[in-house]
Amino acid sequence: MKRVITYGTFDLLHYGHINLLRRAKALGDYLIVALSTDEFNWNEKQKKCYFTYAERKQLLEAIRYVDLVIPEENWEQKRTDVKEYHVDTFVMGDDWAGKFDFLKEQCEVVYLPRTPEISTTQIKQDLNKK
Ligand code: C2G
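Going by this note's numbering, the letters in the sequence shown line up with residues 9 to 138, in that order.
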């Protein structure tokens with residue numbers, strides 16, 4: 009069984025995220041999503057999430073492509089996650105291209121094209137215009 013992992017905040021969940029998750033799952037048989045915790049988002053990414061970790065986890069677990077959701081609590085856990093979950097392929101959108109090439113010693117590293125026209129920032133801006 010080919011195991012794939014990806015990381016992210018996934019707030020507000022939108023079709024760009026779904027496009028990423030669908031393509032990530034297509035690279036294997038089992039997709040793990042390491043979901044950024046509220047603390048990690050705030051302390052490390054200065055992101056204030058609209059939905060809590062528990063709510064974002066519930067949303068991701070309802071997606072047919074997702075097999076397991078684990079917490080992402082720090083930048084350093086990727087190496088141990090890949091080992092602990094016997095990951096074959098690490099996937100991220102190409103806004104992260106090159107940033108995780110150090111994982112190539114442990115697994116395949118794939119950067120997929122982002123869905124260009126959608127982002128949480130864009131959603132919030134459009135909603136403010138209404
Ligand atoms: N994404 C995408 N297209 C978009 C928006 C996002 O393909 N229009 C992808 C991103 O490239 C990423 C995933 O969806 O691979 C999750 O996006 P975010 O929640 O914004 O993830 P980010 O905050 O970049 O966190 O350790 C890695 C970080 O946790 C990644």
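All C-beta atoms in this analysis are idealised placements derived from N, C-alpha and C, irrespective of residue type, glycine included.
Please classify residue i as buried or exposed, where buried requires at least 16 other C-beta atoms within 10 Å of its C-beta.
i, result
"residue 100", "buried"
"residue 61", "buried"
"residue 13", "buried"
"residue 36", "buried"
For residue i, verify whether its CB is less than 7 Å away from any heavy atom of the ligand C2G.
i, result
"residue 123", "yes"
"residue 82", "no"
"residue 13", "no"
"residue 137", "no"
"residue 24", "yes"
"residue 103", "yes"
Would you identify the three-state DSSP class for residue i, choosing helix, strand or coil?
i, result
"residue 26", "helix"
"residue 126", "coil"
"residue 120", "strand"
"residue 105", "coil"
"residue 72", "coil"
"residue 18", "coil"
"residue 43", "strand"
"residue 52", "helix"
Since residue i and residue j should fall inside the 8 Å C-beta cutoff, what is the C-beta to C-beta distance between them, to a whole number of angstroms?
i, j, result
"residue 40", "residue 78", "6 Å"
"residue 87", "residue 18", "Actually they do not touch by this definition, with Cβ atoms about 22 Å apart."
"residue 20", "residue 129", "Not quite, the Cβ-Cβ distance comes to about 10 Å (not below 8 Å), so this is no contact."
Here's a check: name, in chain order, each residue in its chain whose Cβ is nearer than 7 Å to the Cβ of residue i, leaving out the five neighbours to either side.
i, result
"residue 109", "117"
Taking 8 Å as the limit between beta carbons, can you name the residues of its chain near residue i, skipping five residues before and five after?
i, result
"residue 90", "13, 98, 111, 114, 115"
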